[in-house]
Ligand code: FES
C-alpha cells in the first residue's frame, strides 16, 4: 500500500489537534465497522470558521484526513465548509489508497456534524441546511 507524502506528513505531524474550549459547534462521528471515532470542534464568528480542532481515535488515514479537513475549512465561510467533500480532502492529500477512502468520509461528516450542532445551538433546525449526517458504513 502506498501513501502520499502529504498523507504521511499529516499523519505524523497532524495540524489542529485538540479541543476548543467554548466551541460554537462540536461534532462527533464514528464508523461502526472499524470502531474509529472523530471529534470536531469549531469556533465560528459572523459565519466564518475562525478555528477548527479535532481529536481522532482512529487509523492513520482518519488522522491525516481530519488534519487536512481542519486546514481546509479554517478561515472559510460556513457555506464553503458545507461544500467540503471527502473527495476534496483526498485530493488535497494527493490521494488515498482505495480501501482508505472511507476514512475521509469520516472527516467530511465530522465537519458537517459540528456545523449541525452549531445551528442547533442557534435554535435553527440544521436538517434543511446541513442535511443528514451519515455514519460511514464501510
Ligand atoms: Fe476506520 Fe480508517 S479504518 S477510519
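Residue numbers (our numbering): 1 to 138. Don't be surprised by glycine CBs; every beta carbon is placed ideally from N, CA and C.
With contacts defined as CB atoms closer than 8 Å, residue 56 and residue 63 qualify as a contacting pair.
When the beta-carbon positions are compared, residue 84 and residue 72 come within less than 8 Å of each other. Short note on residue 58: C-beta closer than 7 Å to some heavy atom of ligand 1. Using a 10 angstroms sphere on the CB of residue 8, the tally of other CB atoms stays under 16, which defines it as exposed. Between residue 128 and residue 106 a beta carbon distance of about 24 Å is seen, past the 8 Å cut, so the two are scored as non-contacting. Per DSSP, the continuous alpha helix (DSSP H) segment holding residue 72 begins and ends at 60-73. Straight across, the Cα-Cα distance linking residue 67 with residue 93 is about 10 Å.
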